[in-house]
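Heads up: the sequence shown is residues 143 to 390, going by this note's numbering.
We put the beta carbon where it would ideally sit given N, CA and C, even for glycine.
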Amino acid sequence: MKTQLKPILFLFAFVCNSLLGLSQNLGLSGVISFERKENMHKLFEDNDNSWSEERIKHMPKYKTDQFQLSFNTHQTLYKVVLEDENPMFQWVRVAAANTVKIDLDNKHLSAEKTIYEGNYRIDDSIPTYQWKMMGEFRTIAGYTCRKASTILMDSIYVIAFYTDEIPVSSGPESFTGLPGMILGIVLPRLNMTYFATKVETQTLPETAFEMPKSKSKKTNLSSFNTEIKKALKDWGEYGTRVIWKANF
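Next comes the structure, spelled out in structure tokens:
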């Protein structure tokens, strides 16, 4: 009897391991839908004048854009799929429809960004973020996520929520460096949030990670920042805000 059970137990173990491996592989490849919301009223609430009050009355409270993040264990590609085209929002379209590819194996970033009339193709190493782990958790798109935080450019506080259920160190825009996929980003100073609304596990072709062909100006992160800072040096507080948005 024991001799007869051995082949059955072996087959059972083989099937279980195969299914587990298939499940793990599917879980490490797929598409995540993100919703980016920017509170437009916050841009005017600090200005105590009649023009700002009228602007708030007629402007929708949120500018909402839809993005898609394709991912596997080697790379991710983040791109816009539906942009809020309300004409009242056209003046805030700075770096609004970025395309960002993260090569996890080579720690390389490629990004397409538009800053007013300037189109840029950025190639550089992945930015380094000094994340601080926190003991808070929340559920996003069905995944348990842990809270982490960091500070960028000396003054921009960033809150992230990541899940180790998808052990791919990436996220929306260029946010990376946590031990799992980032499904939520909060930028309080910019009145902006990014949250995943759906995660679909599926095998993706290599074409899903191709950057669009373009004739944009080729640059790196340092030169890109130097150029836009020079162009916006006389724009005051609004120019600083543009620089902040251009760096995510």
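Problem set entry | Beta-bridge pairing of Gly261 - partner residues as DSSP gives them | One detail in the question is off: residue 261 reads as Asn in this sequence, not Gly. In DSSP, Asn261 forms a bridge with Thr256.
Exercise. Which value, in whole angstroms, describes the spacing of the CA atoms of Glu315 and Thr218?
Worked result: Between the alpha carbons of Glu315 and Thr218 lies a distance of about 10 Å.
Exercise. Just to confirm, are Ala283 and Leu320 a CB contact at a threshold of 8 Å?
Worked result: For the pair Ala283 and Leu320, the CB atoms are not nearer than the 8 Å cut-off.
For this session: Counting only the same chain and skipping the five closest in sequence on each side, list residues whose C-beta sits under 8 Å from that of Met276.
Result: Cβ-Cβ distances below 8 Å link Met276 to Arg288, Lys289, Ala290, Ser291 in the same chain, with the five nearest sequence neighbours on each side left out; the list follows chain order.
Exercise. Touching or not, the region 202-222 and the region 368-379, by the rule of three or more beta carbon pairs under 8 Å?
Worked result: Too few Cβ pairs lie closer than 8 Å, so no.
For this session: Take the Cβ of Ile293 as the centre, count every other Cβ of all protein chains shown within 10 Å, and call the residue buried at 16 or more, exposed below.
Result: The C-beta of Ile293 has fewer than 16 other C-beta atoms within 10 Å across all chains shown, which makes the residue exposed.
Exercise. Looking at Met182 and Lys199, is the spacing between their C-beta atoms short of 8 Å?
Worked result: Not a contact, by the Cβ cut-off of 8 Å.
For this session: Compare the C-alpha of Tyr380 against each of Lys357, Glu225, Arg331, Thr335 and name the closest.
Result: For Tyr380, the closest of Lys357, Glu225, Arg331, Thr335 by C-alpha to C-alpha distance is Arg331.
For this session: Check Lys340 in the structure and name its three-state DSSP category.
Result: The answer is strand: DSSP assigns Lys340 an E or B state.
For this session: Can you say whether Thr318 is buried or exposed, counting buried as having 16 or more other CB atoms within 10 angstroms of its CB?
Result: Looking at its Cβ environment, which holds 16 or more other Cβ atoms inside 10 Å, Thr318 is buried.
Exercise. Buried or exposed: where does Thr305 fall if 16 or more other Cβ atoms within 10 Å of its Cβ makes it buried?
Worked result: Flag for Thr305 reads buried.
For this session: Enumerate in chain order the residues of its own chain whose CB-to-CB distance from Asp245 is below 6 Å, with the five nearest sequence positions on each side excluded.
Result: For Asp245, where only same-chain residues beyond five positions count, the Cβ hits under 6 Å are Gln217.
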